[in-house]
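Chemist:
There are 6 protein chains.
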Amino acid sequence: MELEPRNPFASPRFGQIATFMLLPAVSSPAGLDVALIGVPYDGGTSYRPGARFGPRAVREQSSLIRTWNPVLKVHPFQRLRVADCGDIDVVPISIERTFEVITAKMNEVVAAGAMPLAVGGDHSVTLPILRSVARRHGPLGIVHFDAHPDTWDEYFGSKFFHGTPFRRGVEEGLIDPRRMIQVGIRGPLYGPEDFAFHDQHGIEVIRIEAVKEQGTAWVAERFRRLEGGPVYCSFDIDAVDPAFAPGTGTPEVGGLTSYEALVLVRALAELNIVGADVVEVAPQWDGPGQVTALMAANLMFELVSVMALRR
Amino acid sequence: MELEPRNPFASPRFGQIATFMLLPAVSSPAGLDVALIGVPYDGGTSYRPGARFGPRAVREQSSLIRTWNPVLKVHPFQRLRVADCGDIDVVPISIERTFEVITAKMNEVVAAGAMPLAVGGDHSVTLPILRSVARRHGPLGIVHFDAHPDTWDEYFGSKFFHGTPFRRGVEEGLIDPRRMIQVGIRGPLYGPEDFAFHDQHGIEVIRIEAVKEQGTAWVAERFRRLEGGPVYCSFDIDAVDPAFAPGTGTPEVGGLTSYEALVLVRALAELNIVGADVVEVAPQWDGPGQVTALMAANLMFELVSVMALRR
Amino acid sequence: MELEPRNPFASPRFGQIATFMLLPAVSSPAGLDVALIGVPYDGGTSYRPGARFGPRAVREQSSLIRTWNPVLKVHPFQRLRVADCGDIDVVPISIERTFEVITAKMNEVVAAGAMPLAVGGDHSVTLPILRSVARRHGPLGIVHFDAHPDTWDEYFGSKFFHGTPFRRGVEEGLIDPRRMIQVGIRGPLYGPEDFAFHDQHGIEVIRIEAVKEQGTAWVAERFRRLEGGPVYCSFDIDAVDPAFAPGTGTPEVGGLTSYEALVLVRALAELNIVGADVVEVAPQWDGPGQVTALMAANLMFELVSVMALRR
Amino acid sequence: MELEPRNPFASPRFGQIATFMLLPAVSSPAGLDVALIGVPYDGGTSYRPGARFGPRAVREQSSLIRTWNPVLKVHPFQRLRVADCGDIDVVPISIERTFEVITAKMNEVVAAGAMPLAVGGDHSVTLPILRSVARRHGPLGIVHFDAHPDTWDEYFGSKFFHGTPFRRGVEEGLIDPRRMIQVGIRGPLYGPEDFAFHDQHGIEVIRIEAVKEQGTAWVAERFRRLEGGPVYCSFDIDAVDPAFAPGTGTPEVGGLTSYEALVLVRALAELNIVGADVVEVAPQWDGPGQVTALMAANLMFELVSVMALRR
Amino acid sequence: MELEPRNPFASPRFGQIATFMLLPAVSSPAGLDVALIGVPYDGGTSYRPGARFGPRAVREQSSLIRTWNPVLKVHPFQRLRVADCGDIDVVPISIERTFEVITAKMNEVVAAGAMPLAVGGDHSVTLPILRSVARRHGPLGIVHFDAHPDTWDEYFGSKFFHGTPFRRGVEEGLIDPRRMIQVGIRGPLYGPEDFAFHDQHGIEVIRIEAVKEQGTAWVAERFRRLEGGPVYCSFDIDAVDPAFAPGTGTPEVGGLTSYEALVLVRALAELNIVGADVVEVAPQWDGPGQVTALMAANLMFELVSVMALRR
Amino acid sequence: MELEPRNPFASPRFGQIATFMLLPAVSSPAGLDVALIGVPYDGGTSYRPGARFGPRAVREQSSLIRTWNPVLKVHPFQRLRVADCGDIDVVPISIERTFEVITAKMNEVVAAGAMPLAVGGDHSVTLPILRSVARRHGPLGIVHFDAHPDTWDEYFGSKFFHGTPFRRGVEEGLIDPRRMIQVGIRGPLYGPEDFAFHDQHGIEVIRIEAVKEQGTAWVAERFRRLEGGPVYCSFDIDAVDPAFAPGTGTPEVGGLTSYEALVLVRALAELNIVGADVVEVAPQWDGPGQVTALMAANLMFELVSVMALRR
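Residue numbers (this note's numbering), protein chains in the order written: chain A, 1 to 311; chain B, 1 to 311; chain C, 1 to 311; chain D, 1 to 311; chain E, 1 to 311; chain F, 1 to 311.
(1) Between the stretch 266-288 of chain D and chain F, which residues of the former have CB atoms less than 7 angstroms from a CB of the latter, in chain order?
(2) Chain E beta carbons: is any one of them nearer than 9 angstroms to that of Val39 of chain F?
(3) Quick one: does Phe53 of chain F have its CB under 9 angstroms from some CB of chain C?
(4) State whether the stretch 214-232 of chain C contacts the stretch 27-41 of chain B, with contact taken as three or more CB pairs (one from each stretch) at a distance under 8 angstroms.
(5) Using beta carbons (cut-off 9 angstroms, strictly below), is Thr313 of chain C in contact with chain E?
(6) Alpha carbons only, please: which of C:Trp285, C:Pro128 and C:Glu96 is nearest the one belonging to Glu108 of chain C?
(7) Would you verify that the beta carbon of Phe14 of chain F is, or is not, closer than 9 angstroms to some beta carbon of chain C?
(8) Is there a C-beta anywhere in chain E that falls below 9 angstroms from the one on Thr216 of chain A?
(9) Could you round the C-beta distance between Asp150 of chain B and Glu280 of chain B to whole angstroms and report it? I think they count as a contact, below 8 angstroms.
(10) Give the straight-line distance between the Cα atoms of Ala293 of chain B and Pro246 of chain B, rounded to the nearest whole angstrom.
(11) Starting from Met295 of chain C, trace the alpha helix (DSSP H) both ways and give me its first and last residue.
(12) Assign Ala51 of chain C to one of two classes, buried (16 or more other C-beta atoms within 10 Å of its C-beta) or exposed (fewer than that).
(13) As an exercise, report each continuous alpha helix (DSSP H) stretch of at least 4 residues that is fully enclosed by the stretch 94-153 of chain D, in chain order.
(14) Where are the beta strand (DSSP E) runs, 3 residues long or more, that stay fully inside the stretch 240-297 of chain F, in chain order?
(15) What residues in the stretch 175-190 of chain D have a beta carbon less than 9 angstroms from any beta carbon of chain B?
(16) Less than 9 angstroms between CB atoms is the rule here; does Val71 of chain D satisfy it with respect to chain B?
(17) Throw me the rounded Cβ distance for the Gly54 of chain E and Ala282 of chain E pair, which I believe falls under 8 angstroms.
(18) Using a C-beta to C-beta distance shorter than 8 angstroms, which residues of chain A count as neighbours of Val291 of chain E?
(19) Could you tell me which residues DSSP pairs with Glu221 of chain A in its beta bridges?
(20) From the DSSP output, in three-state form, read off Arg179 of chain E for me.
(21) Cβ of Asp87 of chain D less than 9 angstroms from any chain A Cβ?
(22) Quick one: residues in its chain with C-beta nearer than 6 angstroms to the C-beta of Ser62 of chain A, no 5 flanking neighbours on either side, listed in chain order?
(23) Helix, strand or coil for Arg167 of chain A per DSSP?
(24) Return the chain-ordered list of same chain residues with a C-beta closer than 7 angstroms to the C-beta of Pro139 of chain A, the five sequence neighbours on each side being excluded.
(25) Would you kindly report the start and end of the unbroken alpha helix (DSSP H) that includes Glu172 of chain B?
(26) By the criterion of Cβ-Cβ separation under 9 angstroms, what are the contact partners of Asp42 of chain D in chain F?
(27) Do you know how far the Cα of Val90 of chain C is from the Cα of Gly98 of chain C?
(28) In chain order, what residues of the same chain have a beta carbon less than 6 angstroms from the beta carbon of Ala18 of chain F, not counting five sequence neighbours either side?
(29) Would you check if there are 3 or more beta carbon pairs closer than 8 angstroms linking the stretch 41-48 of chain D to the stretch 248-268 of chain D?
(30) When the Cα atoms are used, what is the spatial distance from Arg207 of chain B to Trp285 of chain B?
(31) Could you tell me the distance, in whole angstroms, from the CA atom of Glu227 of chain B to the CA atom of Asp236 of chain B?
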């Protein structure tokens, strides 16, 4: 089976069943280099729900993606076997059982030798993905784009919700915190103690002020220290300013522009990316233009391009 | 403290902090006849989430409600002490713990001698309310407006979600099923076995075809057999057609008109209503006119009017 | 100058500068039988503003109107000279001065021998129109479609806002209250005293319950007693249920269907209609389909058809 | 391969790649009884474009459809082999070439012994479908739900656009006009001559007034005369009132309610339906609740139920 | 009474009656350091109305605000007593009487020793606030963020509308024009004479070109000359580009980004801010993400943080 | 006839029939310097249709435009005779015949000595405009703002659609490719061969990276080499980022900000602009604020200002 995107000059892009980037849908990750996979769970959301519709929305808007990356100068779908693996059948009523099925499915992906490129769902789904990826690669370097640190300890007594995955990931040994960089952090918080965990574990925080004042080239330079070992990239769409990505659960004003986001993801090209996700796209909070899902689709394309460059 | 609605000829209806029907906000149900109370939980939703924003949306749109019911010819806020008791602090991440806090709060309401008039939230929240109300009144008669029977047994292995409250209510002895009537049922289902529970327990189902063909007066007549004992009314907004109430989690076409819904709620006037809820308003699926929340606010007004007539 | 609508088989309906029903724009009512005219004032609104954009929205949506009325079997634009007279230049900051310019402009229309068919704007604009029309025809019969009686006395100390035009009209002798019928009245009010003015002056109120229970044919029969003398028709779009007309300032659930509204306006065919308005279209509260403005455009077409039948 | 819908109690309905009614996607109609197929062409639209996104929108909203029809008492997917055949690759820039590919694809469907159940696209696509279906069955009886007669002769010199398919169908001998019934016709037209073609060919028109005044049972009775021979059902969503279906290209107020539409489609149960379509769903003109696509999905379910009853 | 914001880890942020930043609602400004107060008047608007719903929209979106400002490194609600004082009961039908009630209420606030932080409403409401604040502090320095100079002389013969408050403020001696700076000015105007008043009185205008070309640090430096004396900050949300703040009455493209706006408000930290407002949020012109109200809520948080730094 | 914009201090900007920038509507370009003209054709669109409603949407939003350009310091409507010439009556069903009528109409404009300033419609309409303009001026220099090169060869076998106008223009000799500059190009493409045509003909491409990294002043400098000969400016609104212009057919993230777009159009002031267009505004994909049409209206104002500076 060839894994080429549908040809938009023969099959209109607005037609056919919507898959990620017009790629074929497959029932198994066997033989793939990159498995595009949806994780429609939003039970970990603390404010606006709706990220359960994220995978479908990103599929729909990804129809506009073409096949060549003119900046990175790569044809990712020629270098890599990439397909749409559908969604994981999450358990809407239970975060614990959802985590189990996510890890089980991602174990399959990883076992098949494929890199997962997941679309959330809320940010809680990153933790069970990390469990699978780290099982194969050991403690992971992390590039984490987000407005929020997501290293809180608990929420209403639960250790799991969309504000805790990275604390859990460090605690569980899935993440090497000295190889973790957060980008885009901003907005009111609860206190300076929100970064105590970072200080304790050596997590680097690149606040939005640094991005804006030092520039994206400076940030890209910071990423270089992660070269070598395996790196997972988790992109919370709320890293991007709500003007560019209003369709999300906990928007924070004053964020990255779409251009900055693209440049920063392309800056991962020198790293050994072994998996990635784009999360927190909640399409019903966006307007009719669905620019948030379109943004997410383009981030996926940049991520798969980055993965392709390493082949 | 007087419990009069704000005067819209002195304080514009679009102004001030939005409370239910321009009524005062109170911190305790003590001294109230009717406690208006929000239950912003939507973790039991099987399709479109968002009913967590239902209480706020209904408060906002209820600013249009005036104080006299010209059909039932009653001034409910003159006859009853009614106020906005705020929302219950649900636990977004756990349906079980949410049920506990709902029941705890509703026990307070009932203990204070007040009738609860709750705004959801998804339909799962009705069960913990019934636990409180039935504790005081014994097994309850039920008038249940809905497109769906909500008597399924479980969902992904959980006994609790928005499709099971009435089965659980019968099983727990909170509901007297022979005094339970469902109105507005319609839409594709899983099979005739979806009504086996009804047959077994004697629950009456008035499908939408009966409403449309026999008329609302005929339905009202059916309600008369519930006279005497305590009756709880649960109104799932999806009983109303999506043209009149698009802002909901599992819309079903072919439903009640807004006029029919109002007439049928007014038809409860002869019953001994001891509590009620309006659930499944999910405002982000509605348009800018927010007609769903407006519909819900009017149903609340009719329900409180019905309650007032019994004084 | 011929006053034919643009031919949609030669000039696409979605194109050109939007005028009412694709009719020519004229700078003066001279020579017209019916003057279509916008009154973009919404300073008299008590809740949701925005009716100032009503005339433009109705123009836009009226592009779908064709030229023959298949129910009334009339070609109104062949029988009558009808054109788009633009909008009145209201004074946004002053209701009193706005009333002056409306009356001044409408006096011109009436003096030219044309019947005004106005598009609001909020309902306050009906009063200055009545001043012009009654100056020519004497006290007018009224068919008033609305959810609200609009016979309140004042608002924050002002005699003029969108809730008072019909009380003022009676007081000023513009309306013969015994020849006034209100249709569609519903929704919570302030008390039975809201109809004291009606009782005192002999205004007939056909509540929504009467329309729904007696039927539109019965209502049409009630209109017959207005035959003979001059009749003005004022149609507040909120007479129609918010499902069919969400784009309005003070929506009330439980109203007329679109079909009922059309039938009832056609029922004016036996009356001597000398002027009319359609008010309270506030398009930003409608969805992208703009069904409210479309409804209003169709009501205008039925009104001009009714006017044409008398020629 | 089994053709069962996805189980929503094991795989959440909001997840996975959206296919029609959670059914499997197939690449060929071979072995099917009913082929669900999208036709995303809207180049024949005279007003609001966008029906090219109709198939995707209906797929998305059809996730809410369950598997048993409680009114017709049939499990259509147990009786019939039904699957999602994807979309036809239309040619956006040419109506003539689009017609060719539609007919070619539909010929395959018909040759495979399957009945087509198509989702538009604008109404122009019905003509090339009729060419395929009539090739097998001979001149077809037609039940045509629509606000408009769609029997105009041409548009800007073209014989093909969304206002001409039924005139062309009669002229080409695909339709037996004496076995053709139109339901729901209404709205301003160009003149009585718009029905000259009907009179000449014996097409029956059931205007909206007849539906509302005589009732749906009377209309159902009219359908009975089509029993026996093959019948094709074409459902233009604008037959339904814009309150229930705002997302369409040429909305007309005063139409069918959702309930009436469902009842009338179920009334086809005694007919020999050999193919059907639901057209003119243009989702970007709908609100966030997407009630138009939901309506269309339910009409599809009723149509496939009707087809199942004949087995 | 403690004035702490609600704890979002115990009470979900989407729940409860919406107050500004989850703070308590109080009925009097007595004892407060900062009085958050809504002014829902939009009768002074020259284009899109709707700012009357601004206070409610900002309350709703402010639920996302947390309690610590990580850039200014301050816990404003620990340093200052801040609460939601509700809205002023404006007079929708009269700008003159509205001004009277605003000044009366603000006099109370100021007399209680509290600083007003008001949410409009259109920009006309700033004038009556200035009357109160200047009565206590004498002629005020002003930092005025806006796309428009708002120093026109009159509108349709009225001295008061949303384009005149700063001319009136200078004329009435409330403003010291040599200590007034306007930031963000742009867009087509009527002529160079639009700045004659500025030249005459020494008002400094920092056009958008200066912000973009010189940078925010340069602008911050300009603010330093206002140090010492009392300064009032008026932030018209249309200073921000419509991509970041579409929900406003007279949007102008080419404006501040959200990041620039935040930085510039933080740059007031060295000034003696004695009052502030955020105006012209008109939520119905925004999309479902309500990013405009969210932006305004964040500006309020920065303003209260700036006020806190001076304690 | 004077060609002054309506005075917004005497006639509210939200009122009257919407023409471009409140200018008079004229039936002929005779005597004009600049003809504002709509071209409501979108049959050449490959993804989201709807640009047929672009001219009306831009007219509506252009009501906010005032008359003086404070950056270029010019009163364009005092220097030039400018009016709204209405729309061209395109042929929705045929791109070939549409091109004929466009060229015919534009020939009239050019023959009258007026410069066309057109509003699309999709980008295909630029080709027939170029045919007219080049007939008068010879091969044109081009400044082309766009996300896409629009130099593809064909689409589904057609030489004409919105992705080919500039290849056709070069082939037909309408464009001098060595005097053509494209600005804003970005997004995934099909391969490096997408720029083979540029290399072959000497078309300069200024990708978005160059704009962002070199700055707008650098780009402006690049434009200088076009001084002297006639230049046509074609502005595809998707050159601007979807945050600032979501209402378009093929949005690409990572684009120009609104400020950059304005600056770059002003940078044409030294060129001999002989015609221009703003295309691909598709308003139904925008939110209620209609910022895309507002952006387009402002670009028109800058273009007409640039034209005025040459007089």
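Glycine residues also receive a C-beta, built at the ideal position from the N, C-alpha and C atoms.
Modeler: In this structure, then:
(1) Cβ contacts with chain F come from Gln284 and Trp285.
(2) For this step, residue 39 of chain F is matched to residue 39 along the sixth sequence. So, not an interface residue.
(3) On the sixth sequence, residue 53 of chain F is found 53 positions in, with the first residue counted as 1. Output row for Phe53 of chain F: interface = yes.
(4) Taking a contact to require three or more Cβ pairs closer than 8 angstroms, the stretch 214-232 of chain C and the stretch 27-41 of chain B do not qualify as touching.
(5) Any question about residue 313 of chain C goes unanswered here, given that chain C covers just 1 to 311.
(6) If you number the third sequence from 1, residue 108 of chain C lands on position 108. Taking each of C:Trp285, C:Pro128 and C:Glu96 in turn and checking the Cα distance to Glu108 of chain C, the smallest one comes out for C:Pro128.
(7) Numbered from its first residue, the sixth sequence carries residue 14 of chain F at position 14. Look at Phe14 of chain F: its C-beta is under 9 angstroms from a C-beta on chain C.
(8) Residue numbering aside, residue 216 of chain A sits at position 216 when the first sequence is read from its first letter. Answer no: the Cβ-Cβ gap between Thr216 of chain A and chain E never drops below 9 angstroms.
(9) Position 150 of the second sequence, counting from 1, holds the residue named residue 150 of chain B. Position 280 of the second sequence, counting from 1, holds the residue named residue 280 of chain B. About 10 angstroms separates the beta carbons of Asp150 of chain B and Glu280 of chain B, which is beyond the 8 angstroms limit, so they are not a contact pair.
(10) Position 293 of the second sequence, counting from 1, holds the residue named residue 293 of chain B. Position 246 of the second sequence, counting from 1, holds the residue named residue 246 of chain B. When rounded, the distance between both Cα atoms is 10 angstroms.
(11) Taking the third sequence and counting its residues from 1, one reaches residue 295 of chain C at position 295. Following the DSSP letters along the chain, one finds Met295 of chain C inside the alpha helix (DSSP H) bounded by residues Val291 to Leu309.
(12) For the purposes of this step, residue 51 of chain C is taken as residue 51 along the third sequence, with counting starting at 1. With 16 or more Cβ atoms within 10 Å of its Cβ, Ala51 of chain C is classed as buried.
(13) Here the runs fully enclosed are 95-111 and 126-137.
(14) Correct list: 272-279.
(15) Those would be none; no residue qualifies.
(16) As a working note, residue 71 of chain D is residue 71 in the fourth sequence. Yes, its Cβ sits closer than 9 angstroms to a Cβ of chain B.
(17) Translated into the one-based positions of the fifth sequence, residue 54 of chain E becomes position 54. Translated into the one-based positions of the fifth sequence, residue 282 of chain E becomes position 282. In this structure Gly54 of chain E is in contact with Ala282 of chain E, their Cβ atoms being roughly 6 angstroms apart against a cut-off of 8 angstroms.
(18) Indexing the fifth sequence from 1 puts residue 291 of chain E at position 291. Within chain A, the residues whose beta carbon sits less than 8 angstroms from that of Val291 of chain E are Pro242, Ala243, Pro246, Pro251 and Val253, listed in sequence order.
(19) Taking the first sequence and counting its residues from 1, one reaches residue 221 of chain A at position 221. Checking the DSSP bridge columns, you'll see Glu221 of chain A has no partner listed.
(20) Sequence index remark: in the fifth sequence, residue 179 of chain E carries index 179 (1-based). In the structure shown, Arg179 of chain E falls within a strand segment according to DSSP collapsed to helix, strand and coil.
(21) Within the fourth sequence, the letter at position 87 stands for residue 87 of chain D. True, the Cβ-Cβ gap to chain A drops below 9 angstroms.
(22) Residue 62 of chain A sits at position 62 when you count from the first residue of the first sequence. Result list for Ser62 of chain A: Phe20, Met21 and Ala297, in chain order.
(23) Counting from 1 along the first sequence, the entry for residue 167 of chain A is found at position 167. Annotated three-state conformation of Arg167 of chain A is helix, per DSSP.
(24) In the first sequence, counting from the first residue as 1, residue 139 of chain A sits at position 139. Residues Gly173, Leu174, Ile175 and Asp176 of the same chain have their beta carbon placed closer than 7 angstroms to that of Pro139 of chain A, with the five preceding and five following residues left out of the count.
(25) Within the second sequence, numbered from 1, the residue matching residue 172 of chain B stands at position 172. No alpha helix (DSSP H) holds Glu172 of chain B; DSSP gives it neither H nor E.
(26) Here residue 42 of chain D corresponds to residue number 42 of the fourth sequence, with the count starting at 1. Chain order gives the chain F residues near Asp42 of chain D as Pro49, where near means a beta carbon separation below 9 angstroms.
(27) For this step, residue 98 of chain C is matched to residue 98 along the third sequence. For this step, residue 90 of chain C is matched to residue 90 along the third sequence. One point to set straight first is that residue 98 of chain C is Thr, not Gly, in the sequence displayed. Answer to the nearest angstrom: the Cα atoms are 5 angstroms apart.
(28) Within the sixth sequence, numbered from 1, the residue matching residue 18 of chain F stands at position 18. These residues qualify, in order along the chain: Arg59 and Glu60.
(29) Yes, since at least three Cβ pairs between the stretch 41-48 of chain D and the stretch 248-268 of chain D fall closer than 8 angstroms, the two stretches touch.
(30) Here residue 207 of chain B refers to the residue found at position 207 of the second sequence. Here residue 285 of chain B refers to the residue found at position 285 of the second sequence. C-alpha separation (whole angstroms): 25 angstroms.
(31) Counted from its first residue, the second sequence places residue 227 of chain B at position 227. Counted from its first residue, the second sequence places residue 236 of chain B at position 236. The alpha-carbon of Glu227 of chain B is positioned some 22 angstroms away from that of Asp236 of chain B.
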